[in-house]
Structure formats: structure tokens, C-alpha cells
Amino acid sequence: MFPVLSRMNHRVLGRLLVLSLCLTSASCGSSSIGVAGTTTTSSTSITILPQMTQLAFPVPYLPQNFNPNTPAGDQSVTRQIMANVWPSVFYENSKYQPVLNSTLMDSAELVSTNPEEIVYKINPKAVWSDGVPISAADFIFNWKAQAGSGKLLDASNAPFLANSTIGYSDIKSIKSSNGGKTATVVFQKYFSEWESLFQPLVPAHIAERVGWNAGFELATPTVEVAGGPYEIDKVIPGKEVTLNRNPRYWGKQAVISQIKFVDDPNPTKYAAQMADGSLNLIDSPSTDLLYSDLKVLPNVVVHLVPSSSIQELIFNLSSAPLSDPKVRQAIALGIDRQAITGSVLGSYDAGAKPAGNNIFQPGLQQYQDNGKSFLTADPSRAVATLLADGYKRSISGIMTKNGQPLVLKIAVDSGNEQLLYVEELITEELSAIGIVVNPVNFPASVLQSSVLSKGDFDMAIVSESASPNAAFHVSRYQSKSNGSGGNYSRYSSKQADSLIRSAASELDPASSDLVYNELDQLIWKNLPTIPL
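Per the working numbering, the very first residue in the sequence shown carries number 31; after that it's consecutive.
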């Protein structure tokens, strides 16, 4: 089947899933096109007619680094693309359960808990597209690159940069046997979510030569060797990334022979592009105009589905005034999350509610709403919080402290009309409590790869991919000193780090869930981010 969206369970910002009728029911075998998620499974699947050979799918930006396990490459579009190119040991099914990638692996088994030991048996037929076997050497290299030791150096003689060290830093050793087709992993301490590791596997023999950190910035065929059903055929900067079938793939051949990820951040053109056939499938934030334009097109099917990601307001805690928790608390009290959600989604889903958990998404058994204190706006409390913190309200209504007005910059994806609208609402709401907010927006690729990573912002609205895999998702709350490269807010808390370590080492999943929810309560208290 043709997986289109994965983990679509957030009732936060509605999305339009639109496809031409050439994607209809037919027997089509198996393919792994993760075009709208970070895994290759979905609760919404489409089968494809045999004569369809190409899929054109618009994305808001193209990757500037094709290694999603680095801070620079840890972007949703990069993961969408590379989910088809590099293999993962496990993926998540539509019920959020880890499923072994049986094309890559013969087995992956927990054989001991004291110490924890996992035996990975790799399919003897598994090879990279240049003919090099996929082996334990890939597991060993990926572990060392993401362990966060600081002692090992990349090909550029710089320490390895990893978007997350969780789990990898707990590994004591990996031993190769059976001609490299078995990798035995021994942990220093128990790590409960071991199925989350090695997603995806980066080809070790290439990364050793070109470098882990920056070696995959240029996606040439000699660099981007494939271990999945597709390989990167060409990259045209600012235009498209084209994937073709991987001729060395040992599994079942993908049905679609070519996928084009088209750099097209402007949803206002989607209806015309669907009409003329230049796009075959889109996944876009829903708006009244776009929805209406698409619904009237012949040979097009439109589905309104919950978003596969959550939109969050993040703060830069590295400098004043947002290093002050009272300012962040006042902002949280000044923003009406329920009204924003209703304004965005009211015509589609009257019952939509903001997410109340930073760790678990709505729909999961572990989810509990810990953000009820900041569901609706309380301007009086917001103003009182600032006044108690030493601010004074000037004649013009602007809050000042030590003669300095409380002025903040906010950044969003300049091509996302929905987020621009949310930005406008937040600007108006904070103005009412005396905070001046100046929008400074950027294209999505610049926002992700430059602005956020360099800390050149005060506030930003970003999309976070939904994941039931808590150990992976909480890495953005792990202190940078502990190796987290995806912590854009620069949040640092010894208590949070301790809870993250504790949750990951729990043998009992229910106990782990309790710790993660304790972590979420701490995050709501410290407010490095606010789910919208």
C-alpha cells in the first residue's frame, strides 16, 4: 500500500490531504513512501493504479543537510525524504506501536535486562546501493556519532553533532559477529525505548569519508547511497528533490517509480497545480479559501484530517527578557490558546482543543492535559505578574523595566498563511497586556537551519512532528550540555535532565509514563515552550 500520512492524531491544526483520482484502489504490492511523516506507516493509506509512475508532492522547503540525525538536518521535510532512502530498524504502525522492519532485519530481540542486551540480526541480503553490505559497522558508527561523548571526532576533526543523544549515550558496547550481519548491543543501564534507536541508519562507510556533521549537505549519488526502496536521483536547489527506485533494493519493488519533492511553499497555488496535474498529492494547512477551491475540482479527492504535527510557541531562554520565567508566565497568561484553536479550526472542527501536553499527543493512552492553567487568556493576571516582576506600565500602555520597553521579536514560516494568522492573533493579545511584538519572518528552510539553530530569535512558532516515542520527543528539553542539538529554546534544567534519564531507564512502561508526565508538568511550570 501507499502510506500517505503517519501519526495523524493531533486535533490542533487541521490539514487538507488532497489527491487526484489516479490514486485509486488497486492491487499494488508494497512501497514505502513516507511523504508526509517520519515513518513509513499510516492510518490513512491509498493504493495506486499500476500505470501511475510519478508522484509530485509539494514541501515548504528543501533540506540543506540530508542527515536527519544532525541538528541541521533534523527537519520534518528531511525526515520525509530520507525515510524512503535510508532504512530504520523499527517503524511505528497506525496504532503507534513499534514494528520491526522485516526487510532490513531478520530479528531484533531483547535477550537480557541485567545488563540490557539487544541482538540485531541483519538480513543477509541487505546492502547499500553501492554494493557495500549493511552491517554491524553501521550500527557501531551511528552509535558513536550520537553518543555525545565529545571525545570522538568527525571527519572534519570536530566533535560529532547529534540532534539527540538519548539512548545512544547509554550504550556500553556494540559487537559485530556472523560476518558483520549480527550486532550485539549492551547498555550501561536499562533503556526502555530501545526500539527508537537507529532511525534511520546512516551509511557508515560514506559518513567516515565525507563527515557526519556536514558531509551530507550535498546530496550527490556517491554520497547519498541508499538502503531503502528509493535513492536520490537529483537535487535542484530551490526547486526539487527527485527520488527514483533503488535498483539494488533487495525488498519488494516500490510501485511508484519516481517521487518529486517540489519546493513550493505557497498553498494559494495548490488548487491550480492540482488542476493542471503538476501536483498529484498535497498535505497542507486547511484554510477556507483553499478548501473551497479544491472541493470543486474534478478528479480530485479532499480529506480533512487531524494534523500530523503540533504547532508550538518557543522562547529563547538564553538572554533577557525571556530568560525571566515571570515574563514567560505573563505571555502564557496573555495568550488564549483555546480562542486561537477555535479561530483557526472553528469551521472544520468545533470541538478542537489545544494540546495540553508537551510529551504525549492527544489520542495516546499516556496523554493527560497538564496545561489547563493556560487554556484561556487571563489578561489581569498577566499584567499583575509583570508588575510584581518590577515592570511599570507607561502612559502609552507599554510595559517598561529600568527604562527599557518590553519589546520582543517573533518569527514564523513566512510561507505558511495559517501560522502568519496565528502570529497576528498572538501579537494582538500580547499588545493588550503591554508587550510589543514585532514579526520578523523567514522562509521555513532559513528559519529551521539558521535562525533557530543560531538562537537569533526571541519567540518563534514551529511545527513539531508528533511522536508516541517519548524518549525521542523529549530530546528538545534535554540540556545542550548533555548533548541535545535540537534544544532551540536553550532550556536547561537539572531536574528535567534527571527526569528524562529516569523515564528512559524504567523497566515498567507505566512507571515511565508517570515520569514523563511529571516532566511535562515541570515544562508547563518553566514554560520554555507552549503548545498552541
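Beta carbons: idealized from backbone N, C-alpha and C, even for Gly.
Asked	Found
contact_flag[the region 94 to 109, the region 451 to 466] where n(CB pairs < 8 Å) is 3 or more	no
Element boundaries [beta strand (DSSP E), containing P469]	466 to 469
Whole-number beta carbon distance between R275 and S287, since they are thought to touch under 8 Å	5 Å
Top-ranked residue by Cα proximity to Y521, from I344, N193, P351, N208	I344
Own chain residues within Cβ distance below 7 Å of I266, not counting five before or after	none
Selection from T250, D263, D168 that minimises the alpha carbon distance to P230	D168
Whole-angstrom distance between L327 and M489, CA atom to CA atom	39 Å
Bridge partners - Y260, DSSP secondary structure assignment	R275
Closest by C-alpha distance to E147, when choosing among K219, K155, P88	K219
Beta-ladder partner(s) of R423, from DSSP	M429
Start-end ranges of the beta strand (DSSP E) lying completely within the region 127 to 181, minimum 3 residues	128 to 130, 135 to 143, 146 to 152
8 Å CB neighbourhood of K356 in its chain, flanking five on each side removed	T415, L416, A418, D419
C-beta atoms of T252 and D263 nearer than 9 Å	no
E139, buried or exposed, once every other Cβ within 10 Å from all chains shown has been counted against 16	exposed
Candidates S226, L182, F171, T214, of which the one nearest I196 by Cα	S226
DSSP-derived helix/strand/coil call for P409	helix
Local Cβ density within 10 Å of T143, reported as buried at 16 or more and exposed below that	exposed
Given V292 as reference, the closest of S308, A350, S461 once Cα atoms are compared	S308
Neighbour-count burial assignment, T406, 16 or more Cβ in a 10 Å radius	exposed
Closest Cα partner of K205 within the set V149, W242, G178	V149
Inter-residue spacing [alpha-carbon to alpha-carbon] between L477 and N432	32 Å
Residue burial classification, A441 (beta-carbon count within 10 angstroms, cutoff 16)	buried
Residue burial classification, C52 (beta-carbon count within 10 angstroms, cutoff 16)	Low per-residue confidence applies at C52: pLDDT is 36, beneath 50, and the placement is therefore not dependable, though the value from the model is reported in the following sentence. Under this definition C52 is an exposed residue.
8 Å contact criterion, which L455 and S373 should meet: CB distance rounded	7 Å
Beta-carbon proximity check, I365 vs E447, cutoff 9 Å	no
Distance between P90 and P295 (C-alpha atoms, nearest Å)	4 Å
Residues near R358 in its chain [Cβ-Cβ closer than 7 Å; skip 5 each side]	F345, L352, L557
Residues that DSSP places opposite Y521 in a beta bridge	Bridge partners of Y521: none, in fact.
Three-way DSSP call (helix, strand, coil) for A213 in this model	strand
Residue nearest to V470 in terms of C-alpha spacing, selected from V437, A462, T100	V437
Neighbourhood of Q525 by C-beta, 8 Å cutoff - its chain only, sequence neighbours within 5 removed	L552
Rounded separation between Q283 and V481 - CA only	40 Å
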